[in-house]
Amino acid sequence: KQEVTQIPAALSVPEGENLVLNCSFTDSAIYNLQWFRQDPGKGLTSLLLIQSSQREQTSGRLNASLDKSSGRSTLYIAASQPGDSATYLCAVLKTSYDKVIFGPGTSLSVIP
Amino acid sequence: DTGVSQNPRHKITKRGQNVTFRCDPISEHNRLYWYRQTLGQGPEFLTYFQNEAQLEKSRLLSDRFSAERPKGSFSTLEIQRTEQGDSAMYLCASSQGLPPYEQYFGPGTRLTVT
Numbered sequence: 001k002q003e004v005t006q007i008p009a010a011l012s013v014p015e016g017e018n019l020v021l022n023c024s025f026t027d028s029a030i031y032n033l034q035w036f037r038q039d040p041g042k043g044l045t046s047l048l049l050i051q052s053s054q055r056e057q058t059s060g061r062l063n064a065s066l067d068k069s070s071g072r073s074t075l076y077i078a079a080s081q082p083g084d085s086a087t088y089l090c091a092v093l094k095t096s097y098d099k100v101i102f103g104p105g106t107s108l109s110v111i112p
Numbered sequence: 113d114t115g116v117s118q119n120p121r122h123k124i125t126k127r128g129q130n131v132t133f134r135c136d137p138i139s140e141h142n143r144l145y146w147y148r149q150t151l152g153q154g155p156e157f158l159t160y161f162q163n164e165a166q167l168e169k170s171r172l173l174s175d176r177f178s179a180e181r182p183k184g185s186f187s188t189l190e191i192q193r194t195e196q197g198d199s200a201m202y203l204c205a206s207s208q209g210l211p212p213y214e215q216y217f218g219p220g221t222r223l224t225v226t
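The listed protein sequences derive, respectively, from chains A and B. In case it helps, the working numbering puts the first sequence at residues 1 to 112. In case it helps, the working numbering puts the second sequence at residues 113 to 226.
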């Protein structure tokens, strides 16, 4: 059974810092991994998707990496801003015909 | 492309009542997913459709829950005889039936059972 964990559960950093969010999954046989952002009381916004054959994806100040063999992904946020404050969730898709399994999320606060 | 939409955005109901939620996926997305999310947790999978076919249902989906997707377009999720434990955010997502199967989420329906 696939389980997804995220560390830390919460993180508070001063504005301008670079930071790393971690995601671990127990079954390395995945199809893709997706990082989402969720603002309080809102739906999820897709940030980055990494297919199993890829090692990383970048979008603006965000960079996500994937190491299938160790069951880990990281989301790197450069030069954090108060607007980055949100919950960040990772989710894995095992096969193209499977359901997505989410981690519990990391709540990020960027202090001005 | 207006994104995934969900209605209503908020629903307050009394225990024992039935409620129905609607999800309109991105046009031409043939996969549609329902998730439930409680405070401080990641979304939990409930069920998903490929076109009009319901391909998988979670054990979380008790007999009081039913989902439909007539004609493979919008979907409805009905909860019968609501219980306080059903209070949660109900999220809908859609994706194309093609790689990389990226999921796009709607804003959710917040259900409060009093």
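For glycine and all other residues, C-beta sits at the position ideal for the given N, C-alpha and C. Here the structure is a predicted model, which means the values were calculated and not measured.
Query: Start and end residues, beta strand (DSSP E) containing F186 (chain B); Result: No beta strand (DSSP E) contains F186 (chain B), which DSSP labels as neither H nor E.
Query: Beta carbon proximity, T114 (chain A) to chain B, threshold 9 Å; Result: Outside the displayed span of chain A (1 to 112) sits residue 114 (chain A), for which this structure offers no information.
Query: Integer-rounded CB distance, given that E190 (chain B) should sit under 8 Å from R127 (chain B); Result: Actually they do not touch by this definition, with Cβ atoms about 16 Å apart.
Query: The stretch 26-52 of chain A: positions lying closer than 8 Å to chain B by Cβ; Result: Y31, N32, Q34, F36, G41, K42, G43, L44, T45, S46, L49, Q51
Query: Residue from B:H141, B:S174, B:V225, B:R181 whose Cα sits closest to the Cα of S207 (chain B); Result: B:H141
Query: K1 (chain A) burial status per 10 Å Cβ neighbour count (16 or more: buried); Result: exposed
Query: Supposed contact pair G16 (chain A) and S59 (chain A) - C-beta distance, whole angstroms, cut 8 Å; Result: About 20 Å separates the two Cβ atoms, so there is no contact after all.
Query: Simplified DSSP assignment, three categories, for D198 (chain B); Result: helix
Query: Within-9 Å CB hit, V100 (chain A) to chain E; Result: The structure shown has no chain E; the protein chains it does contain are A and B.
Query: Buried versus exposed call for N130 (chain B) [16 or more other C-beta atoms within 10 Å across all chains shown]; Result: exposed
Query: Nearest candidate by alpha-carbon position, reference T95 (chain A), set B:Y213, B:G115, B:P182; Result: B:Y213
Query: Cut-off 6 Å between Cβ atoms - residues of its own chain near C23 (chain A), not counting five sequence neighbours on either side; Result: Q6, S73, C90, G103
Query: Beta-carbon contacts of I50 (chain A) that lie in its chain and below 6 Å, excluding the five residues immediately before and after; Result: L33, Q57, A64, L66
Query: Helix, strand or coil at D67 (chain A) [DSSP, three-state]; Result: strand
Query: Any alpha helix (DSSP H) of 4 or more consecutive residues that is wholly inside the stretch 43-110 of chain A; Result: none
Query: Whole-Å CB distance - T21 (chain A) paired with L93 (chain A), under 8 Å assumed; Result: Note on residue identity: the sequence assigns Leu, not Thr, to residue 21 (chain A). At roughly 19 Å, the Cβ-Cβ gap does not stay under 8 Å, so L21 (chain A) and L93 (chain A) are not in contact.
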